[in-house]
Amino acid sequence: MVSASEVAVAECVEPAEVHLDDLDFMGNLHNCRYPLLVERALVRIWARAGYSFVDGVPTHPDVVHVVLEQTFRYRSPIRGVGRVNVCFRMQRLGRSSMVYAFRVVSEDGQTVHAEGTRAEVNVDMASLGSAPWAEETRDLATKLFGPSPEDTTESRPFAGQRQP
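Each residue of the sequence shown is one higher than the one before, counting from 1342 in this note's numbering.
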(Lines of atoms letter the chains of each structure in order from A and count residues from 1; the text may use other names and numbers.)
(Lines give C-alpha, C1' and ligand atoms only; values in the text may rest on other atoms or scores of the structure.)
Protein backbone atom coordinates (compact mmCIF):
# COMPACT_ATOMS: atom_id res chain seq x y z
CA MET A 1 0.00 0.00 0.00
CA VAL A 2 1.16 3.53 -0.72
CA SER A 3 2.11 5.58 2.32
CA ALA A 4 0.02 8.62 3.17
CA SER A 5 2.99 10.89 2.47
CA GLU A 6 2.98 9.87 -1.21
CA VAL A 7 0.24 12.33 -2.11
CA ALA A 8 -1.17 11.92 -5.60
CA VAL A 9 -1.00 14.88 -7.95
CA ALA A 10 -4.78 15.35 -8.14
CA GLU A 11 -5.46 14.73 -4.47
CA CYS A 12 -7.50 17.32 -2.56
CA VAL A 13 -6.53 17.51 1.13
CA GLU A 14 -8.82 19.02 3.77
CA PRO A 15 -7.90 19.33 7.47
CA ALA A 16 -10.34 17.92 10.03
CA GLU A 17 -10.53 18.09 13.81
CA VAL A 18 -11.13 15.20 16.21
CA HIS A 19 -12.86 16.35 19.41
CA LEU A 20 -13.13 14.71 22.83
CA ASP A 21 -16.76 13.72 22.28
CA ASP A 22 -15.71 11.85 19.10
CA LEU A 23 -13.74 9.28 21.11
CA ASP A 24 -14.80 5.84 22.28
CA PHE A 25 -14.18 4.45 25.78
CA MET A 26 -10.58 3.51 24.81
CA GLY A 27 -9.70 7.03 23.67
CA ASN A 28 -9.85 6.22 19.93
CA LEU A 29 -12.00 7.93 17.33
CA HIS A 30 -15.29 6.00 17.34
CA ASN A 31 -15.95 4.21 14.06
CA CYS A 32 -19.23 6.12 13.52
CA ARG A 33 -17.30 9.43 13.48
CA TYR A 34 -15.20 8.65 10.38
CA PRO A 35 -18.15 9.28 8.01
CA LEU A 36 -18.66 12.67 9.69
CA LEU A 37 -15.03 13.61 9.06
CA VAL A 38 -15.47 12.75 5.38
CA GLU A 39 -18.85 14.53 5.09
CA ARG A 40 -17.66 17.71 6.80
CA ALA A 41 -14.47 17.84 4.75
CA LEU A 42 -16.43 17.57 1.48
CA VAL A 43 -18.92 20.22 2.62
CA ARG A 44 -16.05 22.65 3.37
CA ILE A 45 -14.34 22.00 0.03
CA TRP A 46 -17.51 22.57 -2.00
CA ALA A 47 -18.64 25.54 0.14
CA ARG A 48 -15.36 27.36 -0.56
CA ALA A 49 -16.15 26.89 -4.26
CA GLY A 50 -19.60 28.47 -3.82
CA TYR A 51 -21.69 25.29 -3.46
CA SER A 52 -23.55 25.60 -0.17
CA PHE A 53 -26.79 26.74 1.44
CA VAL A 54 -27.62 30.32 2.44
CA ASP A 55 -30.68 30.77 4.65
CA GLY A 56 -31.73 27.22 3.77
CA VAL A 57 -31.56 27.83 0.02
CA PRO A 58 -29.00 26.06 -2.21
CA THR A 59 -26.51 28.43 -3.84
CA HIS A 60 -26.41 26.12 -6.89
CA PRO A 61 -28.81 23.40 -8.08
CA ASP A 62 -26.04 20.78 -7.85
CA VAL A 63 -25.75 21.27 -4.08
CA VAL A 64 -28.70 18.92 -3.61
CA HIS A 65 -27.46 15.34 -3.81
CA VAL A 66 -27.76 12.10 -1.88
CA VAL A 67 -25.16 9.59 -0.76
CA LEU A 68 -25.81 6.33 -2.57
CA GLU A 69 -23.03 4.31 -0.96
CA GLN A 70 -20.08 4.83 1.36
CA THR A 71 -17.43 2.25 2.20
CA PHE A 72 -14.75 2.34 4.88
CA ARG A 73 -11.70 0.23 5.56
CA TYR A 74 -10.14 1.02 8.93
CA ARG A 75 -6.34 0.80 8.93
CA SER A 76 -5.01 2.37 12.13
CA PRO A 77 -6.92 3.95 15.02
CA ILE A 78 -6.91 7.68 15.59
CA ARG A 79 -5.86 7.98 19.23
CA GLY A 80 -6.98 11.08 21.08
CA VAL A 81 -7.99 14.53 19.94
CA GLY A 82 -6.28 16.69 17.34
CA ARG A 83 -6.00 17.31 13.64
CA VAL A 84 -6.09 14.83 10.80
CA ASN A 85 -6.39 15.28 7.05
CA VAL A 86 -9.03 13.88 4.72
CA CYS A 87 -7.67 13.31 1.21
CA PHE A 88 -9.94 12.94 -1.83
CA ARG A 89 -9.58 11.91 -5.46
CA MET A 90 -12.22 11.54 -8.12
CA GLN A 91 -12.68 7.85 -8.82
CA ARG A 92 -15.60 8.20 -11.23
CA LEU A 93 -17.52 11.16 -12.60
CA GLY A 94 -20.74 9.98 -14.22
CA ARG A 95 -23.63 11.81 -15.84
CA SER A 96 -25.46 12.29 -12.52
CA SER A 97 -23.11 10.67 -10.01
CA MET A 98 -19.66 11.14 -8.51
CA VAL A 99 -17.56 8.55 -6.74
CA TYR A 100 -14.74 9.81 -4.55
CA ALA A 101 -11.88 7.73 -3.21
CA PHE A 102 -10.78 9.06 0.16
CA ARG A 103 -8.26 8.52 2.92
CA VAL A 104 -8.21 9.80 6.49
CA VAL A 105 -4.55 10.35 7.36
CA SER A 106 -2.54 11.74 10.25
CA GLU A 107 -1.72 15.44 10.19
CA ASP A 108 1.87 14.67 9.17
CA GLY A 109 0.63 12.37 6.41
CA GLN A 110 2.55 9.35 7.69
CA THR A 111 -0.36 7.16 8.84
CA VAL A 112 -3.44 6.05 6.92
CA HIS A 113 -6.21 5.69 9.48
CA ALA A 114 -9.04 4.79 7.09
CA GLU A 115 -9.78 4.71 3.39
CA GLY A 116 -12.80 4.12 1.25
CA THR A 117 -15.17 5.41 -1.37
CA ARG A 118 -18.26 7.59 -1.42
CA ALA A 119 -20.85 7.66 -4.22
CA GLU A 120 -23.20 10.63 -4.57
CA VAL A 121 -26.12 11.17 -6.95
CA ASN A 122 -27.29 14.63 -8.00
CA VAL A 123 -31.01 15.21 -7.32
CA ASP A 124 -33.46 17.41 -9.19
CA MET A 125 -35.50 19.20 -6.51
CA ALA A 126 -38.68 19.32 -8.61
CA SER A 127 -38.85 15.63 -9.56
CA LEU A 128 -36.64 14.22 -6.76
CA GLY A 129 -35.07 12.04 -9.44
CA SER A 130 -31.46 11.94 -10.54
CA ALA A 131 -30.28 14.89 -12.60
CA PRO A 132 -27.16 15.43 -14.69
CA TRP A 133 -24.40 17.52 -13.15
CA ALA A 134 -24.07 20.99 -14.67
CA GLU A 135 -21.03 21.34 -16.92
CA GLU A 136 -19.56 23.94 -14.52
CA THR A 137 -19.91 21.44 -11.65
CA ARG A 138 -18.18 18.73 -13.68
CA ASP A 139 -15.34 21.12 -14.54
CA LEU A 140 -15.01 22.22 -10.91
CA ALA A 141 -15.05 18.61 -9.64
CA THR A 142 -12.24 17.74 -12.06
CA LYS A 143 -10.28 20.81 -10.97
CA LEU A 144 -10.75 20.06 -7.25
CA PHE A 145 -10.39 16.28 -7.23
CA GLY A 146 -8.61 15.48 -10.49
CA PRO A 147 -9.91 13.61 -13.51
CA SER A 148 -11.60 10.28 -12.98
CA PRO A 149 -9.50 7.23 -13.91
CA GLU A 150 -11.83 6.80 -16.90
CA ASP A 151 -10.21 9.97 -18.25
CA THR A 152 -6.68 8.75 -17.48
CA THR A 153 -4.69 5.53 -17.70
CA GLU A 154 -4.78 5.05 -13.92
CA SER A 155 -7.37 2.52 -12.75
CA ARG A 156 -6.95 2.57 -8.96
CA PRO A 157 -8.12 5.10 -6.37
CA PHE A 158 -4.55 5.91 -5.29
CA ALA A 159 -1.38 5.25 -7.26
CA GLY A 160 0.49 2.22 -5.98
CA GLN A 161 -2.34 1.10 -3.70
CA ARG A 162 -3.11 -2.61 -3.81
CA GLN A 163 -6.69 -3.62 -4.26
CA PRO A 164 -8.23 -6.23 -1.91
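Cβ atoms here follow ideal geometry from the backbone N, Cα and C, with glycine treated the same way.
8 angstroms Cβ shell around residue i - same chain, five flanking residues per side excluded
i	result
R1385	E1355
A1390	L1481 and L1485
Y1415	N1372, Y1375, H1454 and A1455
E1448	P1356, G1423, R1424, V1425 and N1426
G1470	V1464
L1364	L1370, H1371, G1421 and V1422
A1388	none
Cβ distance (whole Å) where residue i is taken to contact residue j below 8 angstroms
i	j	result
G1421	G1368	6 angstroms
V1404	F1394	7 angstroms
L1485	C1373	Contact flag wrong, Cβ pair sits at about 27 angstroms.
C-beta neighbour in chain B for residue i, strict 9 angstroms
i	result
P1490	Protein chains in the displayed structure number just one, and chain B is not present.
Close-in-space but distant-in-sequence residues of the same chain around residue i (CB under 7 angstroms, 5 per side omitted)
i	result
Y1375	F1413, V1445 and A1455
Q1432	V1440, Y1441, A1442, T1458, S1489, P1490 and P1498
A1472	S1437, N1463, V1464 and D1465
R1506	With the chain running from 1342 to 1505 in the structure shown, residue 1506 is simply not present.
Y1392	T1400, H1401, D1403 and V1404
Exposure of residue i, with buried meaning 16 or more beta-carbon neighbours within 10 Å
i	result
I1408	First, the amino acid is wrong: residue 1408 is Val here, not Ile. The residue is exposed, with fewer than 16 neighbouring Cβ atoms inside 10 Å.
E1410	exposed
H1360	exposed
L1383	buried
V1398	exposed
A1475	exposed
L1370	buried
G1487	buried
6 angstroms Cβ shell around residue i - same chain, five flanking residues per side excluded
i	result
E1461	H1406, V1408 and M1439
A1357	L1378, A1382, V1425 and V1427
Proximity winner among the options, relative to residue i (alpha-carbon distances)
i	options	result
F1366	P1418, T1400 and G1397	P1418
R1430	L1370, E1477, D1362 and T1483	T1483
Problem set entry | Ranges of the alpha helix (DSSP H) found wholly within the region 1342 to 1408, counting only runs of at least 4 | 1375 to 1389
For this session: Only counting runs of 3 or more residues, tell me where the beta strand (DSSP E) segments fall wholly within the region 1407 to 1482, in order along the chain.
Result: Counting only runs of 3+ residues, the beta strand (DSSP E) found wholly inside the region 1407 to 1482 occupies 1423 to 1434, 1438 to 1447 and 1453 to 1463, in chain order.
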